[in-house]
Amino acid sequence: MAMLWKFMRVARYSKTALPPKIKVRGIPTHSRQSVPSDFAASVPCSSTVEVFGKSYPRDDYTNITEKILSKVGKNLHNKKHHPLWLIKEQVKDHFYKQYTGRRGNPLFSVYDGLSPVVTVQQNFDKLLVPRDHASRRKEDNYYLNRDHMLRAHTSAHQWDLIHSGLDAFLAVGDVYRRDTIDSTHYPVFHQMEGVRLFSCHELFSSIKDGESFQLFEQGHRTAHKQECHTMEAVRLVEFNLKQVLTKLMTHIFGDGLQVRWVDCYFPFTHPSFEMEINFQGEWLEVLGCGVMEQQLVNSAGAQDKIGWAFGLGLERLAMILYDIPDIRLFWSEDERFLKQFIVPHISQKIKFQPLSRYPPLINDISFWLPTETYSKNDFYDLARSVGGDLIEKVVLLDEYTHPKTKKVSHCYRIVYRHPERTLTQNEVHHIHQAIEESAVRELGVEGRF
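Each residue of the sequence shown is one higher than the one before, starting from 1 at the first, in our numbering.
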């Protein structure tokens, strides 16, 4: 499932320039607009952050690190034969072939080269995310400054694309979130957003006596519909959404796939659902979706239409489909990993053959927390910045409050394991010592080393 749709449930614009040659329907993928990674981002020793050649002034919200900026512009989803590219191409191919317009052109446009730098308004405000919503926290996002950030979800482009006149599109790209460190979480992941809008004629044309039905009414919001939608319209949109997504997952995972829907909450859809599939005897959550909030659709200039949206994570699908055990592997340049996905057809079955399992090295770190605001994600981010992908997992082992001073101590266990070679004790010692020193210097903790 797309991770921010999930975060929105638990607690995933001002109009900006769109890519050139934008068309309303049936256009090719905008892959070639991606910025080369060699020139994507840098951290100047100044009061600004530079991304894609543009400078953003630092302020009290700036928390982006060099490690994260080094990932901007890598565009793994556009690298041919990469497993994320294979998933993207399978989805794109399915939508292109399954849904066509009256002239036989693809109904859905695909955008996979949009800049990951967005405004806070794009990422949150235009999606109706409340000002006090937990998903906005500095502890959970990468901010360039108070006004700009690295997108936390591809939903950040929804409003702009609808405002441009599109009513059926897929947006694919890298998204960024500060998070825990383990085999299924990484601060950069890749997401696909899907949106489909319907006019009254498009929705009801195939229904007997459809001309008598309407999209909108003055009603009341219930668990099953928004106050402005008719029940007939919502039922058809929901049916179409679930049918489209069931066909998509069947296309990816094969016939006979069992699916179930779980009611949930997202700020930008209502009703909202999570889709789960039964894969190899286990129920797995794969995406979030729902009927778009009409307020969002109206503000983007499509007042006469109703629609649905979904968000899915490419890593999530690839890890399930190919049985990839560690999310860090998607960033590997090891030929033993990459060559397994060089296949003649994007839908060819692939069973990932694990690289040799190198032994882990485990070190603990304990410190007293500063009196100022402290977030576990601050430490996770620091550990990633220093140790990079040599760190497989960080776990909070113990939290202790001193009975007299009331000072709080955290003890974390750091598991070091290189995905491609054996680490030495000496290597890990130097990295661990650097993390200890950085934690004292950057976070203001008091070491118990």
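We put the CB at the ideal spot given by N, CA and C, even for glycine.
Taking all protein chains in view, the Cβ of Asn123 is crowded by 16 or more other Cβ atoms within 10 Å, so the residue is classified as buried. The alpha carbon of Arg421 has as its nearest neighbour, out of Val343, Asp334 and Lys225, the alpha carbon of Asp334.
At a Cβ-Cβ threshold of 7 Å, Ile320 and Gln90 do not count as neighbours.
The beta-carbon separation of Ala309 and Gln158, rounded to 7 Å, stays under the 8 Å limit for a contact.
Following the DSSP letters along the chain, one finds His270 in no alpha helix (DSSP H) but inside the beta strand (DSSP E) bounded by residues Thr269 to Phe279. The C-alpha of Phe95 is placed about 37 Å away from the C-alpha of Thr65. According to DSSP, His185 shares a beta bridge with Asp182. The C-beta separation of His410 from Leu423 comes to about 24 Å, leaving the pair out of contact by the 8 Å criterion.
For Gln348, no beta strand (DSSP E) encloses it, and the DSSP letter there is neither H nor E.
Around the beta-carbon of Arg328, 16 or more other beta-carbon atoms lie within 10 Å, marking it buried. Note on Phe341: 16 or more other CB atoms within 10 angstroms of its CB, so buried under the neighbour-count rule. Unbroken alpha helix (DSSP H) runs of no fewer than 4 residues, entirely contained in the stretch 265-343, are found at 294-299, 314-322 and 335-338, following chain order. Nearest to Leu127 by alpha-carbon distance, out of Tyr111, Asn105, Arg151 and Tyr142, is Arg151. Judged by beta-carbon spacing, Ile68 lies beyond the 7 Å limit of Leu314, meaning their Cβ atoms are not closer than that value. Check the Cα spacing between Val175 and each of Gly53, His163 and Gly311: the tightest is with Gly311. Non-local C-beta neighbours of Tyr186 in its own chain, meaning closer than 7 Å and more than five positions away in sequence, comprise Ile327 and Arg328, ordered along the chain. In the three-state reduction of the DSSP assignment, Val91 falls in the helix class. Cβ-Cβ distances below 6 Å link Ala300 to Trp159, Ile162 and His163 in the same chain, with the five nearest sequence neighbours on each side left out; the list follows chain order.
The C-alpha of Phe268 is placed about 7 Å away from the C-alpha of Val129. When the Cα atoms are used, Glu276 and Tyr412 turn out to be separated by approximately 33 Å. For the options Asp125, Phe169 and Val386, the alpha carbon positioned closest to that of Ala156 is the one of Asp125. Secondary structure at Lys225: coil, using DSSP grouped into helix, strand and coil.
Counting only residues of its own chain and dropping the five nearest sequence neighbours on each side, Glu446 has a CB closer than 7 Å to the CB of Phe367 and Trp368. His270 is the residue among Lys74, His270 and Val49 whose C-alpha sits nearest the C-alpha of His220. By the Cβ test, the stretch 130-142 is in contact with the stretch 372-380, since at least three Cβ pairs between them sit closer than 8 Å. Here Thr371 is exposed. Its C-beta has fewer than 16 other C-beta atoms within 10 Å. Counting along the chain, His133 sits inside no alpha helix (DSSP H), nor does DSSP assign it H or E at all.
Linking Gln218 to Tyr99 through their CA atoms gives a straight-line distance of about 32 Å. Secondary structure of Ser366 (DSSP, three-state): strand. Here the alpha carbon of Gly173 sits roughly 35 Å from the alpha carbon of His430. Each of Gly444, Phe169, Arg131 and Val118 was checked against the Cα of Met149, and the nearest Cα belongs to Val118. When the five nearest sequence neighbours on each side are left out, the beta carbons in the same chain lying within less than 6 Å of the beta carbon of Leu215 are those of Cys200, Ala233 and Ile306, in order along the chain.
In this structure, the beta-carbon distance from Asp147 to Val120 falls below 7 Å. Sixteen is the threshold: when 16 or more other Cβ atoms of the shown chains lie within 10 Å of the Cβ of Glu293, as they do, the residue is buried. The C-beta separation of Leu296 from His190 comes to about 23 Å, leaving the pair out of contact by the 8 Å criterion. Comparing C-alpha distances from Val415 to each of Ala383, Gly281 and Ala439 shows the shortest one belongs to Ala383.
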